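Enquirer: Let me begin by handing over the structure; questions about it come next.
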Amino acid sequence: MNVKISRSLGLVAVLYFTANFSAQNTKKDTLPKEQKIEEVVMIGYGTQKKSNVTGAIASIKASDIENIPAGKPEQVLQGRAAGVSVVTNSGQPGAAATVRVRGITSFGAGSNSPLWVVDGIVVDNIGWLNQSDIESIEVLKDGASSAIYGVSAAKGVILVTTKKGKKGRLTLSYNGFYGFSHASKKLDLLDATQYAKIINEGFINDGGTPRYANPESFGKGTDWQDTIFGTGEKTSHEVSITGGNDKSTYYTSFGYFDQTGIVMSDISNYKRINARFNSTHKVTDYLTLGQTFAYTHVKSQGISANEEFGGPLASAVNLDPTTPAVVTDWSMVDPSGYTNPYIIRDPNGNPYGISQYVNNEMTNPLAFRYIQQGNHNWSDDFVGNVFAELKFLKSFTFKTSLNGKKSYWGSRSFSPKYYLSPNYSNTSFNSLNKVDENKFEWSMENTLTYQNKFGDHNLNVLVGQGVYRYNISGGTSLTYSNLPIDNWQDASFNFNIPQDDITATGWDGIQTRKASYFGRIIYDYADKYLFTGTIRRDGSSKFATNQHWGTFPSMSLGWNVNKENFWPENKVINTLKLRGGYGVLGNDEMENFRFASFMVSGSNYTNSGNNIIIGYAPSTLENPNLKWEETSQLNIAADFKLFNNFTFTADWYKKKTTDILRQVNIPGYIGVPNLPWSNVGDMQNSGLELELGYKKNFGDFGISVNGNFATIKNKVLRLEDDIEYFNLASFQTMGAVSRVAVGQPY
């Protein structure tokens, strides 16, 4: 069995440590203890005092991340919250990080990524945000905290609140950085002389004739790693303008980010330009209107960074050092290998070297770079929100919001005629291709909040309703072949070429619809006894009529023990809060209508008269009982404040996912072209999370130190039909196969 090391271990532990120091002029705090401002955190459709939070919520403020030079905003989460892992899987410029909250929740078809919510708008990621625009980030880790988002929240929820306008005169702010990177260590490979001697030794040991007559003549030869590695650069500029008066406030920002890779930066780069504007208008004492608008443009080029077969990295490791990078001395090569008219040459007309012995997918990286120039991906994203908030009868607040996201993305590529090696060439025709896609998503949510205080009783009640439309999309692909040019700079779709050399296709996406009803009660007595209860009912078009709706409840309790009369004042344990919660969440991450089977064309057959008859056949096996994945999670925790300056938090959780959605393998003789979907099994995660912080001011000097530790234990509990294991659909190299097995980690 071939599995990743991290999966072969039943237990994974991670430790992070951060420290901040500051020196500034500070004013002495003269507020009485009972008047000090309490920290407030976002909880989804509202806020709550941190001291009264009963769920597992990690809060990161702007001051914690504003000086971190990250290329993508999600990277600032690294090490900031126990149980939250942030891994950049690629060194490609602009590569997004993989974020996991309390591990992998499901081995189904979904992404295992958390739900991202920016100012109430559900988005795919936050790579389009300026880092300096972020006011706070809250990570809802447990079921009780996340349940307000229902079907989308099984993998955790990350709430991002951006900065808003402030009353006062216009304020201009700038934040920027410059950085560079390079390969700190290369692989220790043989030089040309060493390589030639080893090859000769192999031939002699096999009873043959040495390949190279004079190994010493090669000297050091070509260090192929030097041909691909260079210095990568990273530049960021962010500007914001804010201001306002008693009636209106505004905030606008602009950003520019440019990054080049350490491998062939001219074909490995990433550029992002973005703008953002929000405003709030107090129409009356009871009515507030507001809006948010953001635009982001991205252009990127990438190389095959993780490609086992071919690409610059693989070629730099496998090519023989006896082949020159550029042929300037013809005595060092066999001229007969350089007669093809489509050999790639450098600006001086010299051909790039071609190995006589190592070819197949392994090609000269410099020549490979030439045929990749001009190829790029791009995207334009528009995100918007308008809302109205009405306060009435002192205790009621009604809010309605309309959210939308329009995305355009695509690629441009030009393939010239080329000859890189006998096994890697295109000498028939050149081609220019473009792919353009678009997607529109929108949602509307309405909430009504009641908040009041009756003596020592504090009550907050929320009810809400939402409708959501996703993946209203389409796309086109256009290819022009046999263009009368030989370089990407001159490639264009304006050439008048025969219709037979034009290939055009188009497609439409399938819309996904969801509807939701949700409610939440938050209650506390004298800030001592705490209760939160949530219920959400979601409907999804992805399931059959009998499985459209799912209900997801949660409840959590808390006790601020230090506020009891029996709690003695002491300098050791200043505060103590005990809390626990249980919640059920859903997941519908699969393609539309996978419960059904459709008749598809293509199954043609020949009758007795040898005539071809157009035939139709089922696309797959139907499964009308296909239903939601459900993830239930139990969380038990304690929060301490110690010695006036230390904070300590311990969370233990157990998370179980049942009825995991996945395609299943079936015998080929069934005769359908697509694998059917089913609820294939159950899986469990459990773990312990510890966080320790220290914060103290010494006059004008301040220190803040934070560390966290987390464990995750993962196990597959059950598979469909009580089988012990099944093979995953994707096969690995060397004939090995990955599989999911009961009792083992995934």
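Those letters in the sequence shown? Residues 1499 to 2244, by the working numbering. In this text, a Cβ means the ideal position worked out from N, Cα and C, and glycines have one as well. None of these values were measured; they are calculated from a predicted model.
Please state whether DSSP places phenylalanine 1701 in a helix, a strand or coil.
Expert: Reduced to three states, the DSSP call for phenylalanine 1701 is helix.
Enquirer: What are the boundary residues of the alpha helix (DSSP H) that includes aspartate 1724?
Expert: First-last of the alpha helix (DSSP H) with aspartate 1724: 1722–1726.
Enquirer: CB methionine 1860 to CB leucine 1930, shorter than 8 Å?
Expert: For methionine 1860 and leucine 1930, no; Cβs fall outside 8 Å.
Enquirer: Assign proline 2122 to one of two classes, buried (16 or more other C-beta atoms within 10 Å of its C-beta) or exposed (fewer than that).
Expert: Under this definition proline 2122 is an exposed residue.
Enquirer: Which one of Asp1631, Ser1644, Arg2011 and Phe2224 has the shortest CA to CA distance from proline 1612?
Expert: It is Ser1644.
Enquirer: Okay, do the region 1914–1922 and the region 1945–1957 touch, 3+ Cβ pairs below 8 Å being the bar?
Expert: No, because fewer than three Cβ pairs between the region 1914–1922 and the region 1945–1957 fall closer than 8 Å, the two stretches do not touch.
Enquirer: Using C-beta distances below 7 Å, list every residue in its chain close to threonine 2010, excluding the 5 sequence neighbours before and after it, in chain order.
Expert: Tyr1968, Asn1969, Ser2039, Lys2040 and Asn2090, listed in sequence order.
Enquirer: Buried or exposed: valine 1825, going by 16 or more other Cβ atoms within 10 Å of its Cβ?
Expert: When all chains shown are included, valine 1825 counts as buried.
Enquirer: Within its chain, find whatever has a CB closer than 6 Å to the CB of glycine 2241; leave out the 5 residues flanking it on each side and keep chain order.
Expert: The answer is none, since no qualifying residue turns up.
Enquirer: Starting from the Cα of asparagine 2177, find the closest Cα among Leu2188, Asn2143, Phe2141 and Asp2220 and give me that residue.
Expert: Nearest C-alpha to asparagine 2177: Asp2220.
Enquirer: Helix or strand or just coil, what does DSSP make of arginine 2237?
Expert: Three-state result, arginine 2237: strand.
Enquirer: I'd like to know whether the C-beta atoms of glycine 2079 and threonine 1552 end up nearer to each other than 8 Å.
Expert: Taking 8 Å as the Cβ cut-off, glycine 2079 and threonine 1552 qualify as a contacting pair.
Enquirer: Taking the continuous beta strand (DSSP E) assigned at isoleucine 2020, which residues delimit it?
Expert: That run of the beta strand (DSSP E) goes 2010–2023.
Enquirer: Quick check on DSSP: helix, strand or coil for proline 1982?
Expert: Residue state, collapsed to three classes: coil.
Enquirer: Should alanine 2002 go down as buried or exposed, given a rule of 16 or more other Cβ atoms within 10 Å for buried?
Expert: Label assigned to alanine 2002: exposed.
Enquirer: Anyone know if the C-beta pair for aspartate 2025 and asparagine 1550 falls short of 8 Å?
Expert: Contact: yes.
Enquirer: Taking the alpha-carbon positions, what's the valine 1539 to isoleucine 1765 distance?
Expert: Rounded to the nearest angstrom, the two C-alpha atoms are 43 Å apart.
Enquirer: What do you reckon, are the CB atoms on histidine 1680 and isoleucine 1760 nearer than 8 Å?
Expert: Yes, Cβ-Cβ distance for histidine 1680 and isoleucine 1760 is below 8 Å.
Enquirer: Tell me, which residues are paired with serine 2195 by DSSP?
Expert: The identity of residue 2195 in the sequence shown is asparagine, whereas the question assumes serine. Asparagine 2195 pairs with Gly2200.
Enquirer: Helix, strand or coil: which one does DSSP assign to tyrosine 1672?
Expert: If DSSP states are grouped into helix, strand and coil, tyrosine 1672 belongs with the strands.
Enquirer: Does leucine 2215 pass the burial test, meaning 16 or more other C-beta atoms within 10 Å, or should it be called exposed?
Expert: Result: exposed.
Enquirer: Taking only three categories from DSSP, how would you classify alanine 1554?
Expert: Correct three-state label for alanine 1554: coil.
Enquirer: Near isoleucine 2158, what residues of its chain come up, given a Cβ to Cβ distance below 8 Å and the 5 sequence neighbours on each side ignored?
Expert: Counting only Cβ-Cβ distances below 8 Å, and skipping sequence neighbours, we find Ser1604, Phe1605, Gly1606, Glu2127, Asn2177, Val2178, Gly2179, Asp2180 and Met2181.
Enquirer: Can at least three beta-carbon pairs, one atom from the region 1748–1760 and one from the region 1841–1858, be found at a separation below 8 Å?
Expert: No, the region 1748–1760 does not touch the region 1841–1858.
Enquirer: Run through DSSP, which three-state label would glycine 2254 get?
Expert: Given a span of 1499 to 2244 for the chain in the structure shown, any question on residue 2254 remains unanswerable.
Enquirer: Please list the terminal residues of the continuous beta strand (DSSP E) segment that includes glycine 2079.
Expert: Note, glycine 2079: beta strand (DSSP E), 2071–2085.
Enquirer: Give the single residue among Asn2195, Glu2087 and Leu1785 whose Cα lies nearest to the Cα of phenylalanine 1890.
Expert: Residue Leu1785 is the option with its Cα nearest to phenylalanine 1890.
Enquirer: Assuming arginine 1455 is part of the beta strand (DSSP E), what are its boundary residues?
Expert: Summary: the structure shown does not reach residue 1455, with the chain confined to residues 1499 through 2244, and so no result is reported for it.
Enquirer: Between which two residues does the beta strand (DSSP E) containing proline 2051 stretch?
Expert: First-last of the beta strand (DSSP E) with proline 2051: 2047–2058.
Enquirer: Which residue or residues does DSSP assign as beta-bridge partners of tyrosine 1868?
Expert: In the DSSP output, where bridge partners are listed per residue, tyrosine 1868 has none listed.
Enquirer: How would you call aspartate 2245, buried or exposed, if buried means at least 16 neighbouring beta carbons within 10 angstroms?
Expert: Nothing about residue 2245 can be reported from this structure: the residues present for the chain run from 1499 to 2244 only.
Enquirer: Whole angstroms are fine: how far does the CA of glutamate 2087 sit from the CA of alanine 1579?
Expert: The straight-line gap from Cα to Cα measures roughly 26 Å.
Enquirer: CA-CA distance, glycine 1677 and serine 1763?
Expert: Straight-line Cα distance between these residues: approximately 15 Å.
Enquirer: Decide if asparagine 2109 is buried, meaning its Cβ has at least 16 other Cβ atoms within 10 Å, or exposed.
Expert: Exposed, by the Cβ-count rule.
Enquirer: For glycine 2031, name the three-state secondary structure that DSSP assigns.
Expert: The answer is strand: DSSP assigns glycine 2031 an E or B state.
Enquirer: State yes or no: is the C-beta of aspartate 2016 within less than 8 Å of the C-beta of isoleucine 2033?
Expert: In the sequence as presented, aspartate is not what sits at residue 2016; that position holds phenylalanine. A contact, by the Cβ cut-off of 8 Å.
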